[in-house]
Every structure is written in C-alpha cells, then in structure tokens.
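J.:
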C-alpha cells in the first residue's frame, strides 16, 4: 500500500465518475466514515465539472482509507448546479490517533492528518458531556470510539507536528504489555544459528506462541531516549514489532471473532538486554529495564489498515537491519488473541507485541548490539516511524 498522502488537511483526491451518475442504492448501503467532514475534493475527470467542488456530505465504504474505495458525495458546481456523483479514492487517508503534549505541556489526544495535529475534543461534534470528558485520555477514546468516530469533523487549521511533543499513545499503561517470542521463522533461524552450525538441531519453530510480558513503566514515546543500563548489561538489542491495541474486553475469544476485539495498531520496539535475558532465563528482567519499551508514534484504527500484511523495517544509524512483512508471522493476530485470552481476560488498552522479523543485533556475526549515541528508526507501513536514540 502506498504511503499516506493528503493534498491538504481537508482535501481528498478522487477519480470522478460521470457527473450525472447517481447511485440507485440508498445512502444506508454505505458506512458513514470519519472523513465526512472533508470540505473539498479534487476531481480527476474527463468531464467539464472542474476541481475543488464543495462536498456537502460524503459517504465512504467501510474501508475508505484504501485507494479504490467508493465515494458518494453531493457536489455544488457553478456549471451543473447541485448533483450527486461518485468516484474512487485515489490517495490514502489513514486516520491516526496520538497522545501529545501541547504548548502548555498539557496532555491531549489528537488526530493527525498530514503534518498537523488537531485536538480530538475540538473536532468531535458531540453533545454527550460524559463522552467529551473522556476524550483527553486514549483509554477513554478507545472505550467510546464507536460514539466518537462518526462525529469527527475537521475544522480550522491543525497545529504543526513540529510544535508538539508526541508521547507514547498509551503513556502510562494501566493494562498488560504482552509480547510474543520467535514469531517469525527467519528470526527463529537467526537466534538458533548456533544450533544449526553445531549440528545439534534444526531451528526450533514454536508449536505454540511464546508469551512474555514487559513492565508498563518501561514505556516511552517517539524521540525519547533509551537509557543504556551499563551497570547491568553490555548487550542491549532492538526488536521492531507491530503492536496490537485491544479495544474490547473478552475472555475465551475465538480466532473467528478475535479481530472484533482489536482497536488498532502501533509500533513497539522490544528493547532487550540479551545478557540479562540469558542469565535469568525468564525474559522479564532483560525486557523491562526503564525506557526499554518505545511505543508510537500513533495508533491507527484496525479499520484503516490490514495488520496482517504490513511492511516492517528497522534502521540503526541509517543501516537497514530488519525488513519483513507481518504476513510472515508464524502465529497470526487472531491466533495470538485466542491463545492469550483462553485463560486471561483481555482488557481495553492491553497491548500485544506480535514478534520481530530477522535482523536483530544479536543475529549478526559478530553481534551488532546497541551503543550510546545510536539512533533506531522503525517504520511500519501505514502507521509511521518510531525513532529513539540510545543515551
């Protein structure tokens, strides 16, 4: 999928059908989308209706983020008057939610479009005071998303992202951070290289998901420093991962219903002290040093992207180290949710880091562990870039 592009904060580019084309089906056949507030549309058309006509109401199908999605709109044209037309989305318009500090150092939840951010409380047209009171907290947004999303109406100019500080989307997690080990076959092969080289065994592909946890207090945001724990470790490593954010509580969730419990996705760097991980065998200490859980820069709702087929890449000091796709997971997202929830209730805001592809520092010969001053950039298609430096 192409990188997300917006012509500006309120303009959507579509390929227009014939200007007098009208849908015979009713508007109810389409899902109202959060982009209903877009005030201008740029038409690519062979007709003479021109460009930049005002949309009075836009209705997009449920996956309106993707190029090729149908758009139905009411257009005002100086030449044709008012008429209903339709077209196909040409550019991605992926919805991104972020937690950020404003100029007064107040924490807000915002909506990112392009290179600007809007406070969510300013772009939601709701008369429900109870829901509006919850809108500055990502947990509240997730809990009431079905009410909030249809009422989003962009207005005015957003604040340039360069003028705000993005925090982790869930800056002070109150739920669990669950991680999956050895969930990409190429990563299993690199960590088990010594077994293969010595003839002891083939790579140990797990028969069941390997689940461990990270301490919630290890969470940091985009551009925050990773503090090197030099007193206890000399083998700090990186792991680029897609993280699933749970949006609906559940226990005993089946694979078939698992995706209905997913709110969205973000990027997580499962920073690891390899020597601590080996010494203690159980991985918690090596995975949970302070600052060892960079997360961000935003959450993309699951309706906007296919979490099971995204490119995931990681660079260290500009060198591409990891390059895979989430489709290469051994255990899919629904399988992970089914396994974890079999005996454990998943709560709203719980995080599941789904594993890392090959290319971690310990997989090289000699190993390429992190050092103070290193810069780690992780990109996941459709979500953005998470960048942190080692201090």
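In the UniProt record's numbering, the protein residues as written are 1 to 391.
Glycine is no exception: its CB is placed at the ideal position from the N, C-alpha and C atoms.
Between residue 324 and residue 149, what straight-line distance do the alpha-carbon atoms span, to the nearest angstrom?
T.: 32 Å
J.: Please determine, among 225, 183 and 229, the residue with the shortest C-alpha to C-alpha distance to residue 208.
T.: 183
J.: Have a look at residue 319 and residue 357 and give me their C-alpha separation to the nearest angstrom.
T.: 16 Å
J.: Can you give me the C-alpha to C-alpha distance between residue 342 and residue 310, rounded to a whole angstrom?
T.: 27 Å
J.: For residue 379, does the count of other Cβ atoms within 10 angstroms reach 16, so buried, or fall short, so exposed?
T.: Residue 379 is buried by the Cβ-count criterion.
J.: Consult DSSP for residue 345 and reduce its assignment to one of helix, strand or coil.
T.: coil
J.: Span of the beta strand (DSSP E) holding residue 319?
T.: Its beta strand (DSSP E) spans residues 319-325.
J.: According to DSSP, is residue 164 part of a helix, a strand, or is it coil?
T.: Residue 164 falls in the coil class under three-state DSSP.
J.: Mind reading off the beta-carbon distance from residue 255 to residue 334? Whole number of angstroms is fine, and I expect it under 8 Å.
T.: That pair is a contact at about 4 Å.
J.: Using 8 Å as the cut-off, can you tell me whether the segment 266-278 makes contact with the segment 350-370, which would need three or more C-beta pairs spanning the two stretches below that distance?
T.: yes
J.: State yes or no: is the C-beta of residue 363 within less than 7 Å of the C-beta of residue 180?
T.: no
J.: Quick one: residues in its chain with C-beta nearer than 6 Å to the C-beta of residue 147, no 5 flanking neighbours on either side, listed in chain order?
T.: 131
J.: Can you find a heavy atom of the ligand FAD that lies under 6 Å from the Cβ of residue 158?
T.: As for the ligand FAD, it is missing from this structure, which has no ligand bound.
J.: Please list, in chain order, all residues of the same chain as residue 252 whose beta carbon is under 8 Å from its beta carbon, the five residues on each side excluded.
T.: Cβ neighbours of residue 252 within its own chain (closer than 8 Å, five residues either side excluded): 341 and 342.
J.: State buried or exposed for residue 187, treating a residue as buried only when at least 16 other CB atoms are found within 10 Å of its CB.
T.: That one is buried.
J.: Taking the beta carbon of residue 205 as the centre, do at least 16 other beta carbons fall within 10 Å, making it buried, or is it exposed?
T.: exposed
J.: Between 245, 278, 175 and 321, which lies nearest to residue 262 when the distance is taken from Cα to Cα?
T.: 245
J.: What does residue 269 pair with, by DSSP beta-bridge criteria?
T.: 240
J.: Beta carbon of residue 330, beta carbon of residue 240: below 7 Å?
T.: no
J.: Near residue 386, what residues of its chain come up, given a Cβ to Cβ distance below 7 Å and the 5 sequence neighbours on each side ignored?
T.: 222, 267, 269, 294, 296, 297 and 378
J.: According to DSSP, simplified to helix, strand and coil, what is residue 375?
T.: strand
J.: Using three-state DSSP, classify residue 354 as helix, strand or coil.
T.: coil
J.: What residue range does the alpha helix (DSSP H) around residue 142 cover?
T.: 138-143
J.: When burial is assigned at 16 or more other CB atoms within 10 Å of the CB, is residue 99 buried or exposed?
T.: buried
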